[in-house]
Amino acid sequence: MSRTFKIGLIAFVVVMVILIVWLSSGGNNASKNRGNSTTATTYTNWDDAYIPDSKDPKGLFHWSATLRLHLQKNKSISTIDYLYSIDTIPKETQPTFLFIGDYFALYEEEIDSLLSKVGRGAKLFISAEKVDGLLYEYLFDDVVMGYYYDTTITVATATKTYPFTALHQAIPVAKKWIGYKFTQTVDSVPFKSLSGYGTLMNSGVIDYGAGKIYLNTTPELFTNYQYLTTPGYAYAKTWLNEIPKDQSVYWLEFARYKPYEYDFMKEYYGEDGKRDDSYLQFIFQDRQRILALLLLISGLILFVLFRAKRMQPFVPFIPKKRNMTMIFADTITSIYFNQRNPFAMVRIQRANFYGIIHKHFHIDLSKEVTEREIESLAQKSNVKPSEINEILRKMNALREYNTSEYELSELRKMILNFYRKSGLISTKIQDRLDVKIYQVYRNEWISGLLILVGLGLITYGTYYLTHAIAIGVVLWPIGAIPIIFGVMRLMKPYLSWSNREISIQPLFGKEKVFNLEQLRSVYQDRKEVQLHFESVTLKVNYWELNRADAKQLQRFAETHNKMK
Numbered sequence: 007m008s009r010t011f012k013i014g015l016i017a018f019v020v021v022m023v024i025l026i027v028w029l030s031s032g033g034n035n036a037s038k039n040r041g042n043s044t045t046a047t048t049y050t051n052w053d054d055a056y057i058p059d060s061k062d063p064k065g066l067f068h069w070s071a072t073l074r075l076h077l078q079k080n081k082s083i084s085t086i087d088y089l090y091s092i093d094t095i096p097k098e099t100q101p102t103f104l105f106i107g108d109y110f111a112l113y114e115e116e117i118d119s120l121l122s123k124v125g126r127g128a129k130l131f132i133s134a135e136k137v138d139g140l141l142y143e144y145l146f147d148d149v150v151m152g153y154y155y156d157t158t159i160t161v162a163t164a165t166k167t168y169p170f171t172a173l174h175q176a177i178p179v180a181k182k183w184i185g186y187k188f189t190q191t192v193d194s195v196p197f198k199s200l201s202g203y204g205t206l207m208n209s210g211v212i213d214y215g216a217g218k219i220y221l222n223t224t225p226e227l228f229t230n231y232q233y234l235t236t237p238g239y240a241y242a243k244t245w246l247n248e249i250p251k252d253q254s255v256y257w258l259e260f261a262r263y264k265p266y267e268y269d270f271m272k273e274y275y276g277e278d279g280k281r282d283d284s285y286l287q288f289i290f291q292d293r294q295r296i297l298a299l300l301l302l303i304s305g306l307i308l309f310v311l312f313r314a315k316r317m318q319p320f321v322p323f324i325p326k327k328r329n330m331t332m333i334f335a336d337t338i339t340s341i342y343f344n345q346r347n348p349f350a351m352v353r354i355q356r357a358n359f360y361g362i363i364h365k366h367f368h369i370d371l372s373k374e375v376t377e378r379e380i381e382s383l384a385q386k387s388n389v390k391p392s393e394i395n396e397i398l399r400k401m402n403a404l405r406e407y408n409t410s411e412y413e414l415s416e417l418r419k420m421i422l423n424f425y426r427k428s429g430l431i432s433t434k435i436q437d438r439l440d441v442k443i444y445q446v447y448r449n450e451w452i453s454g455l456l457i458l459v460g461l462g463l464i465t466y467g468t469y470y471l472t473h474a475i476a477i478g479v480v481l482w483p484i485g486a487i488p489i490i491f492g493v494m495r496l497m498k499p500y501l502s503w504s505n506r507e508i509s510i511q512p513l514f515g516k517e518k519v520f521n522l523e524q525l526r527s528v529y530q531d532r533k534e535v536q537l538h539f540e541s542v543t544l545k546v547n548y549w550e551l552n553r554a555d556a557k558q559l560q561r562f563a564e565t566h567n568k569m570k
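Numbering (the numbering used here), first residue to last: 7 to 570.
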């Protein structure tokens, strides 16, 4: 897998993520706004209400957080979703049962189990606009409810008043403010008023055995958007002061009831308000149409399998051309690394040199060479006889016991110089060999991790923006930073060198270039390579490079030390 392909793959993933986020978040709202310019933009979720840990305007996050601070540290807040969970509460405890919602409803056996706990000293707090009549039968002989229809009300306790305004989409709206107009309790037990508005009572408490039952008809006063106002916070504290600090609290989620509301438009058009008039919907309405569709698909598959096979023209097999130069280079490399002896390369260079001379100049140097043959080769190749004799002397002088990599390199330079002067190698090829640059790149795993972190931050930022949370704006530029670092690490080489110089390219800043003639020594260990120049020392850690480039740099250091 090439580096260009990897970078292209990462860019493709980034584009796809941005496209998916754009399609899933902004497309629908944009199309709706274009279709109806008077539609208000919904910045937060005002529909889901009375969820204990929800931060939406009508959630109960702030109330729950304050309740958690109100209790002692060793006391817990739990949720009861089923009736049998009440029976698991220890009998010697006197917990607090809490419900805040639209509709409170329980079966008779559930009410009996709950009230038995209250009769032994527990407290029950119910804040609901509507309470099922079955519970009222246990508490009241007669109940008459009333309401005020207005955008604002002023709730009054024994000592203070608290003004409230009903909002939806941050706009004041009129609603029914429900309250108790008249009550007659069982056995004339006092129903003490805690707060109210006008002639209606919205909060009261009834003694039930050793415990107490608190009833409230305005649960919206405890939601997040009301709690964040000064009157809302102060009014919520009046309820919190009634909750014991030394007892655990249980949310009665199994008492939350949502009555079924028949919606003809939703049933006919679907949840999103759009009717499905597609051809597939028409086909799937009838069994015969489904069978016809399956037969059509089966026929297309059979046609592709059999008809396409018959019509396929005969294409002769043309083998791929083999790169003989690369095969030769791989063979030479394998011979050198298998034997680990420079003299093996000397034998190969000698055989190649003799073969090329015999092929181009028709002179056999493998046998005994005379001065006449040297003069003939000098005239044909336009190379001085002294240089030819020096090459032959060098080849014959090298033996297995005295051949080093430095000697091998010098012999190679002499042979290449002969090829260049004789015209066997053009000046263009020689120039390409001289300017060849070796490059090592940074660790790809670290770069990929940075890009993934950046994409994750951008995804979270988009998620927060779709929910109107301001921190999403900050996460976008923060996520772009690691992506830029990761892409730059992939694009820019960490270190590069040629026959003349070595350079280091930092992610930011100017490139630093050093002449190889000023390189005095190279030190290496398992962790790093140190390049000591005349005036500065460069340190390169292996963990910053990918594995292949780290080995390449290690070979460069080993070769330099051996030649020195």
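Beta carbons are placed, not taken as given, at the ideal position from N, Cα and C, and that holds for glycine.
Worksheet item: According to DSSP, which residues form a beta bridge with Arg448?
Response: Arg448 pairs with Leu551.
Practice prompt. Give every residue of the same chain whose Cβ lies closer than 7 Å to the Cβ of Tyr239, excluding the five residues on either side of it in the sequence, and list them in chain order.
Written response: Tyr233
Worksheet item: Apart from the five residues on each side of it in sequence, which residues of its chain come closer than 7 Å, Cβ to Cβ, to Phe260?
Response: Here the set comprises Ile86, Asp87, Tyr88, Leu89.
Worksheet item: Less than 9 Å separating the beta-carbons of Tyr263 and Ala111?
Response: yes
Discussion item. In this structure, how does DSSP classify His174 when only helix, strand and coil are distinguished?
Written reply: strand
Discussion item. So, with DSSP's three-state summary, where would you put Pro169?
Written reply: strand
Worksheet entry | Distance CB(Met151)-CB(Gly185) smaller than 9 Å | yes
Fill in: Spatial neighbours of Tyr144 in its chain, beta-carbon cut-off 7 Å, leaving aside the 5 residues before and after
Counting only Cβ-Cβ distances below 7 Å, and skipping sequence neighbours, we find Ile117, Leu121.
Fill in: Any C-beta of chain B under 9 Å from that of Ala240
Protein chains in the displayed structure number just one, and chain B is not present.
Discussion item. In the DSSP output, which residue or residues are listed as bridge partners for Leu66?
Written reply: BP columns for Leu66 are empty, so no partner.
Worksheet item: For Val149, does the three-state DSSP call read helix, strand or coil?
Response: Three-state result, Val149: strand.
Worksheet entry | Pick from Leu104, Ile219, Lys129 that is closest to Trp257, judged by C-alpha positions | Leu104
Discussion item. Distance check for Thr223 and Tyr168, CA to CA, integer angstroms please.
Written reply: 16 Å
Worksheet entry | Limits of the unbroken beta strand (DSSP E) element including Gln232 | Unbroken run through Gln232 is the alpha helix (DSSP H), 230 to 233; no beta strand (DSSP E).
Worksheet item: Under 9 Å, do Lys386 and Ile369 count as touching if we go by C-beta distance?
Response: A distance below 9 Å separates the beta carbons of Lys386 and Ile369.
Discussion item. I need the boundaries of the beta strand (DSSP E) containing Gln536, first residue and last residue.
Written reply: 534 to 539
Item to complete: Identify, in the order they occur along the chain, each residue of the same chain with its Cβ nearer than 7 Å to the Cβ of Ala17, setting aside the five sequence neighbours on each side.
Response: Excluding residues within five positions, none has a Cβ falling inside 7 Å.
Practice prompt. Count the other CB atoms, across all protein chains shown, that sit within 10 Å of the CB of His68; report buried if there are 16 or more and exposed otherwise.
Written response: Under this definition His68 is a buried residue.
Worksheet item: Can you tell which of Asn80, Arg495, Gln294 has its C-alpha closest to the C-alpha of Ser453?
Response: Arg495
Worksheet item: For Asn395, which of Ile289, Asp62, Ile380, Val479 has the nearest alpha-carbon?
Response: Ile380
Worksheet item: Closest to Tyr425 by CA distance: which of Glu393, Leu456, Asn449 is it?
Response: Glu393
Worksheet item: CB-CB under 6 Å to Lys400, same chain, minus the five flanking residues each way: which ones, in chain order?
Response: Leu417
Worksheet item: Whole alpha helix (DSSP H) runs in the region 84 to 157 with 4 or more residues, listed along the chain?
Response: 90 to 93, 114 to 125, 139 to 145
Fill in: Pairwise C-alpha distance: Asp93 and Val479
48 Å
Worksheet item: Does the Cβ of Glu135 have 16 or more other Cβ atoms within 10 Å, making it buried, or fewer, making it exposed?
Response: buried
Fill in: Nearest residue (CA-CA) to Thr158, options Met420, Ala164, Leu77, Ala180
Checked all of Met420, Ala164, Leu77, Ala180; the closest Cα to Thr158 is Ala180.
Item to complete: Using 10 angstroms around the beta-carbon of Trp503, count the other beta-carbons present and answer buried if the total reaches 16, otherwise exposed.
Response: Flag for Trp503 reads buried.
Worksheet item: In three-state terms, what does DSSP make of Ser387?
Response: The answer is helix: DSSP assigns Ser387 an H, G or I state.
Practice prompt. May I ask you to list the residues that DSSP assigns as paired with Ser206?
Written response: Here the sequence assigns Leu to residue 206, which means Ser is not the residue at that position. DSSP lists Tyr203 as partners of Leu206.
Practice prompt. Taking all protein chains shown into account, decide if Tyr241 is buried (16 or more other Cβ within 10 angstroms of its Cβ) or exposed.
Written response: buried
Worksheet item: Under three-state DSSP, which class holds Lys218?
Response: strand
Practice prompt. Please say whether Leu463 and Leu481 have beta carbons closer to each other than 9 Å?
Written response: yes
Worksheet item: Going by alpha carbons, who is nearest to Gly467 out of Ala486, Ser70, Asn449, Phe539?
Response: Restricting attention to Ala486, Ser70, Asn449, Phe539, the CA atom closest to the CA of Gly467 is found in Ala486.
Practice prompt. My understanding is that Phe197 touches Ile212, with C-beta atoms under 8 Å, so please give their C-beta distance in whole angstroms.
Written response: The beta-carbon separation of Phe197 and Ile212, rounded to 5 Å, stays under the 8 Å limit for a contact.
Item to complete: Could you check the C-alpha separation between Asp138 and Asn208 for me, to the nearest Å?
Response: Roughly 17 Å between the two C-alpha positions.
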